[in-house]
Amino acid sequence: MFLDIKQMQLGKVRFSETIPTGAMEFLDQQIRQAAPIETAGSAEVMEAVLEIRVRGHLRTCMEAACDRCLEPASFPIDTDFDLVYRPAAMAPEGEEVEVGGAETEVGFYDGDGLELSEVLREQILLSLPMQRVCGEGCKGICPVCGQNRNLVECLCQAATADDRWEKLKDL
Ligand SMILES: [Zn+2]
Ligand SMILES: [Zn+2]
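Take numbering that gives the first Met the number 0: the last position of the sequence shown gets the number 170, and nothing is skipped along the way.
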């Protein structure tokens, strides 16, 4: 759905959409959409500065390889969003945009408005945790034999631990 600024100038634009599983693609090939994206909200424009504010709710589930064991891990997302977009012409040239802690995330748009899917994609990326693990207790891959330690109990770890004890004994 295209959020058209001309429509917003007539009044708040409401949206309610479901994007089927896998329909949204991500630049980062490591992540994929594993459930439909359900969203509802509204978009409005602040006339004076042509700033678009998109608010709503978003629910889906993403899948990505676990950072530790590389097995597919699920990341359910169920979040409110509140994003502000300014005309691209207003983007400061060659300067980093300062985003204060409390300030709403600010993006930029070109032309007559923006695609709702772009807004959702951005929000999904913001909602994913920095460290993507399949579970708090994931033991990861053994650096010695390369086996998934959640599935196999290899003896490498015990060996390294023993080495450490050996060193302590020397002291
Ligand atoms: Zn894992
Ligand atoms: Zn091992």
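No residue lacks a Cβ here, since even glycine has one placed at the ideal position from N, Cα and C.
If you're wondering where the values come from, they're calculated on a predicted model, not measured in any experiment.
Asked, Found
"Alpha-carbon to alpha-carbon, THR59 and PRO128", "14 Å"
"Straight-line gap, CYS65 to GLN28 (C-alpha atoms, nearest Å)", "14 Å"
"Nearest to ILE4 (by Cα), restricted to the options PHE14, VAL44, ALA72", "VAL44"
"Proximity test, CYS141 beta-carbon vs ligand 2 heavy atom, cut-off 7 Å", "yes"
"For LYS138, the nearest candidate out of MET7, LEU69, LEU113 (CA to CA)", "LEU69"
"For PRO35 and ASP22, the rounded distance between their alpha carbons", "According to the sequence shown, residue 22 is Ala rather than Asp. Cα-Cα distance, rounded: 8 Å."
"Beta-carbon proximity of GLU62 to ARG31, cut-off 8 Å", "yes"
"Beta-bridge partners of GLN32, as assigned by DSSP", "MET61"
"Option in PHE107, PHE74, CYS155, LEU113 with minimal Cα separation from LEU124", "PHE74"
"Candidates THR20, ALA42, MET89, GLU24, of which the one nearest LEU115 by Cα", "ALA42"
"Residues that ASP171 bridges to, as DSSP identifies them", "Residue coverage of the chain in this structure runs from 0 to 170, which leaves residue 171 outside it and unanswerable."
"As assigned by DSSP and simplified to three states, the class of ALA22", "coil"
"Identified DSSP bridge partners for GLY40", "PHE14, GLY55"
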